[in-house]
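Residues 15 to 507 in the working numbering are what the sequence shown spells out, letter by letter.
Backbone N, C-alpha and C define an ideal beta-carbon position, used for all residues, glycine too.
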Amino acid sequence: MAEVVVVVGAGNAAFAAAVAARQQGASVTVLERAPEPLAGGNTRFTAGAMRFAYDGVEDLRRLMPDLTDEEAAATDFGAYTEAQFFEDMGRVTEYRTDPDLCELLVTRSKATMLWMREQGHRFAPIWGRQAFRVDGRFKFWGGLTVEAHGGGPGLVDAWTKIAARAGIEVLCGARAVSLIADDTGVRGVRVKQGGRTREIAARAVVLAAGGFQANTEWRTRYLGPGWDLAKVRGTRFNTGDGLRMALDIGAMPTGQWSGCHAVAWERNAPEFGDLAVGDGFQKHSYPFGVMLNARGERFLDEGADFRNYTYAKYGREILKQPRQFAWQVFDAKVRHLLRDEYRIRQVTKVTAGTLEDLAAKLEDVDAAQALATLRAYNAAVRRDIPFDPNIKDDRHTEGLAIPKSNWANTLDEPPFEAYAVTCGVTFTFGGLRIDRDAQVLDVDLTPIAGLYAAGEMVGGLFYENYPGGTGLMAGAVFGRIAGASAGQAAQGA
Numbered sequence: 015m016a017e018v019v020v021v022v023g024a025g026n027a028a029f030a031a032a033v034a035a036r037q038q039g040a041s042v043t044v045l046e047r048a049p050e051p052l053a054g055g056n057t058r059f060t061a062g063a064m065r066f067a068y069d070g071v072e073d074l075r076r077l078m079p080d081l082t083d084e085e086a087a088a089t090d091f092g093a094y095t096e097a098q099f100f101e102d103m104g105r106v107t108e109y110r111t112d113p114d115l116c117e118l119l120v121t122r123s124k125a126t127m128l129w130m131r132e133q134g135h136r137f138a139p140i141w142g143r144q145a146f147r148v149d150g151r152f153k154f155w156g157g158l159t160v161e162a163h164g165g166g167p168g169l170v171d172a173w174t175k176i177a178a179r180a181g182i183e184v185l186c187g188a189r190a191v192s193l194i195a196d197d198t199g200v201r202g203v204r205v206k207q208g209g210r211t212r213e214i215a216a217r218a219v220v221l222a223a224g225g226f227q228a229n230t231e232w233r234t235r236y237l238g239p240g241w242d243l244a245k246v247r248g249t250r251f252n253t254g255d256g257l258r259m260a261l262d263i264g265a266m267p268t269g270q271w272s273g274c275h276a277v278a279w280e281r282n283a284p285e286f287g288d289l290a291v292g293d294g295f296q297k298h299s300y301p302f303g304v305m306l307n308a309r310g311e312r313f314l315d316e317g318a319d320f321r322n323y324t325y326a327k328y329g330r331e332i333l334k335q336p337r338q339f340a341w342q343v344f345d346a347k348v349r350h351l352l353r354d355e356y357r358i359r360q361v362t363k364v365t366a367g368t369l370e371d372l373a374a375k376l377e378d379v380d381a382a383q384a385l386a387t388l389r390a391y392n393a394a395v396r397r398d399i400p401f402d403p404n405i406k407d408d409r410h411t412e413g414l415a416i417p418k419s420n421w422a423n424t425l426d427e428p429p430f431e432a433y434a435v436t437c438g439v440t441f442t443f444g445g446l447r448i449d450r451d452a453q454v455l456d457v458d459l460t461p462i463a464g465l466y467a468a469g470e471m472v473g474g475l476f477y478e479n480y481p482g483g484t485g486l487m488a489g490a491v492f493g494r495i496a497g498a499s500a501g502q503a504a505q506g507a
């Protein structure tokens, strides 16, 4: 049998694995379940942000040589050290993140970004989403400064070109059905393409086929009642096939199978992601306003932390509300701070000149209670504390049952705007147990020969929440590790 590595999936993690395996000298075949126009998994639906450790602007300029001196001078990129990355991973996961996986993610993040740059990827600062211009100067916040050129679609397109140059075969419309395995380990994959099932022999297989978020039955089984009512932000093809194939041959499940990354998402968005809209259905400017449920009540602290440390868990809070929706309310003072996703055509939006009129227009909401809530909120804002969107400014409320800890602006400058949101699931946290070589372990915690995993299929990294931009970074880090390990195994190393 030739030195073949089969990669199941064709998103960021899968392509990183494919390229890394090819660099070890292996012949690589990528199996993509989706047809070519829909290929790329969840990666194509992301904004392309990538969180990694860096020591200052010079590290960033190695990734972004097009960054001009003028742009650098007008921007405070700060630093995001490994210690800060470790602290964020611990804090947002309630210190449940697997220590070995977290160490690999953090300590290899910068090197992986530089490796991607060497392969031909381009990166850019996340202007306008992670930094606001204050007194003529941008200041980045939340440890997140860089995105792939062209966002998620650009990342997939770049990987596709890189793979083609490397001679990697990509088969679209090819659904991996099961693993071919015996007592010696994994020997290949059964794949169904064009209505026919065949076997592809391989010395090693990398599973990078995403989570189970697009599987309604699995969401209800593992995440719990009500999750069948959530929207799916990304691809409809992530139904847990890779996880099922691995579990069927005795792989060990691990991580928070009852948890997921879930955000505020356009209430009337389609059941699955729409590539024509991409990530535009998300609604992440809630720290600058308030959220009301059907009872007309606030139900969370919109300003508890920077958006990229709370957005992945607030979708769950919205799903808990009556009828699984909320309205985000803003006034004219902060309209210029709203992200571009608020300006797309496909939004459920109401505007009004007074709070009374706005409350009356909030569909499915107790208008009288909504107005009372907004008035009580306005009265509770500490107006003597300056507002600053680039820092946790401590402009908070006092005396409310549910406080707003930062960015608590009064809602008093018309026109007022409100946007209807529901819960959008990004990816699930439960997955397979792997070792430091990204090799999948069985239920006896013994490595399964020839089987590796990366991306959303890796369990144990995220619990309850996640720092924004970590998903793509983890996919690239563990994809590279898995691919290199699989390539070495295929060569008999």
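So, under 8 Å CB-CB, residue i and residue j are touching, yes? Tell me the CB distance rounded to an integer number of Å.
| i | j | result |
| --- | --- | --- |
| Leu278 | Ile332 | Looking at the sequence provided, one finds Ala at residue 278 rather than Leu. Confirmed, about 6 Å. |
| Trp341 | Leu376 | 5 Å |
| Pro49 | Cys186 | 6 Å |
| Ala467 | Val220 | 7 Å |
| Arg494 | Ala34 | 5 Å |
| Gln144 | Thr126 | 20 Å between Cβ atoms; not a contact. |
| Glu161 | Phe137 | 7 Å |
Just tell me which of the options has its CA closest to the CA of residue i.
| i | options | result |
| --- | --- | --- |
| Arg309 | Thr230, His275, Ala386, Asp345 | Ala386 |
| Pro428 | Ala366, Leu486, Val379 | Ala366 |
| Arg58 | Gly294, Gly70, Asp197 | Gly294 |
| Asn479 | Glu431, Leu243, Ala30, Arg110 | Arg110 |
| Gly497 | Leu486, Thr484, Leu465 | Leu465 |
| Ala188 | Arg204, Ala178, Thr174 | Arg204 |
| Met471 | Gly202, Tyr300, Ala195, Ala260 | Ala260 |
| Glu213 | Thr43, Ala32, Ala35 | Thr43 |
| Val18 | Ala222, Gly62, Gly493, Ala32 | Ala32 |
| Phe508 | Leu352, Ala467, Gln144, Glu101 | This structure gives no information on residue 508, because the portion of the chain shown stretches from 15 to 507. |
| Tyr477 | Ala432, Thr198, Ala326 | Ala326 |
| Arg47 | Phe492, Ala223, Glu355, Met305 | Ala223 |
| Val395 | Gly208, Ala452, Ser419 | Ser419 |
| Thr95 | Asp83, Ala87, Glu108, Leu74 | Leu74 |
| Val170 | Val21, Gly62, Arg131, Glu85 | Gly62 |
| Thr121 | Asp407, Glu85, Gln98, Glu161 | Gln98 |
| Gly165 | Asn26, Thr89, Ala318 | Asn26 |
| Gly240 | Val148, Phe339, Thr368, Gly248 | Phe339 |
| Arg258 | Pro461, Leu446, Val21 | Leu446 |
Checking 8 Å against the spacing of the C-beta atoms, do residue i and residue j come in under that value?
| i | j | result |
| --- | --- | --- |
| Ala434 | Arg281 | yes |
| Leu372 | Leu52 | no |
| Pro139 | Met78 | yes |
| Asn322 | Pro481 | yes |
| Cys437 | Gly292 | no |
| Val343 | Gly287 | no |
| His23 | Gly469 | With the sequence shown as reference, residue 23 is identified as Gly, and His is not the correct amino acid for it. In contact: Gly23 and Gly469 (Cβ atoms closer than 8 Å). |
| Asp102 | Gly150 | no |
| Gly269 | Gly444 | yes |
| Gly225 | Thr442 | yes |
| Lys297 | Tyr356 | yes |
| Trp155 | Gly317 | no |
| Ile399 | Arg312 | no |
Less than 7 Å between C-beta atoms, sequence neighbours within five positions excluded: which residues of the same chain meet that for residue i?
| i | result |
| --- | --- |
| Glu370 | Leu385 |
| Asp112 | Gly474, Leu475 |
| Leu459 | Met266 |
| Gln38 | Ala498, Gly501, Gln502, Gln505 |
| Asn229 | Thr253, Gly254 |
| Met15 | Unreliable positioning characterises Met15 in this predicted model, as indicated by a pLDDT of 46, which lies under 50. The coordinate reading is nonetheless provided below. Within the same chain, Met15 has close Cβ partners Ala215, Arg217. |
| Asn392 | Thr424, Leu425, Asp426 |
| Asp242 | Thr230, Arg233, Thr234 |
| Leu237 | Ser272, Cys274 |
Please report whether the beta-carbon of residue i lies at a distance below 8 Å from any beta-carbon of chain C.
| i | result |
| --- | --- |
| Arg396 | Absent from the structure: chain C. Only one protein chain is present. |
Going along the chain, which residues of its own chain have a beta-carbon closer than 6 Å to the beta-carbon of residue i, five neighbours each way excluded?
| i | result |
| --- | --- |
| Thr362 | Arg281, Asn282, Ala434 |
| Met487 | Met64, Arg65, Phe66, Ser123 |
| Ile263 | Leu193, Ala195 |
| Ala30 | Ala490, Gly493, Arg494 |
| Gly134 | Ile176 |
| Leu115 | Gly474, Leu475 |
| Val200 | Leu193, Val219, Gly464, Leu465 |
| Ala93 | Asp69, Gly70 |
| Glu85 | none |
In chain order, what residues of the same chain have a beta carbon less than 8 Å from the beta carbon of residue i, not counting five sequence neighbours either side?
| i | result |
| --- | --- |
| Arg508 | Summary: the structure shown does not reach residue 508, with the chain confined to residues 15 through 507, and so no result is reported for it. |
| Asp211 | In the sequence as displayed, the identity of residue 211 is Thr instead of Asp. Val191, Arg204, Val205, listed in sequence order. |
| Val148 | Asp402, Pro403, Asn404 |
What ranges does the beta strand (DSSP E) occupy inside the segment 339 to 374, keeping only unbroken runs of at least 3 residues that lie completely in it? 340 to 344, 363 to 366
Start-end ranges of the beta strand (DSSP E) lying completely within the segment 165 to 213, minimum 3 residues: 183 to 186, 188 to 196, 199 to 207
List in chain order: all unbroken beta strand (DSSP E) runs of 3+ residues lying wholly within the segment 100 to 136. none
Could I get the ranges of all uninterrupted beta strand (DSSP E) runs contained in the segment 248 to 287, with 3 residues as the minimum, in chain order? 274 to 280
4-residue-minimum alpha helix (DSSP H) runs that sit fully inside the segment 408 to 480, ordered along the chain: none
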